[in-house]
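First the structure, in the form of structure tokens, and then the observations on it.
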Amino acid sequence: MTSFNPAVIVYGILIFGYLVNCLVIVYHLLAYPINRKNELIMFMIFVLGSGLLLALNLFYAFKLDWGALTIYL
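First residue of the sequence shown? That's -14 in my numbering, and the numbers climb one at a time after it.
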């Protein structure tokens, strides 16, 4: 029996939060069409920035604590 690692909850919340962010942004883009280029650029920066942060977080999770996630994946 494996011991439970709290890191799994943390990274699960991170991934869930990022997916919710993406869904909210897609809904916003569909519901309110953008007629200014600046707003679209800000959305793209937000999506790419939060995705980059999530990727870095997961990279360090695997690098520093490889067993934390691989048990549950």
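Don't be surprised by glycine CBs; every beta carbon is placed ideally from N, CA and C.
Item                                                                                                                       : Value
Taking the alpha helix (DSSP H) that Y12 falls in, what are its first and last residues?                                   : -8 to 16
Assuming Y3 contacts G36 under a Cβ cut-off of 8 Å, what Cβ separation, rounded to an integer in Å, is found between them? : 7 Å
Is it buried or exposed, Y(-4), if we count other Cβ atoms within 10 angstroms and call 16 or more buried?                 : buried
Should N42 and L8 be called a contact, given that it needs their Cβ atoms to be closer than 8 Å?                           : no
What does a CB cutoff of less than 8 Å around V60 pick up in its chain, not counting 5 residues either side in sequence?   : Nothing about residue 60 can be reported from this structure: the residues present for the chain run from -14 to 58 only.
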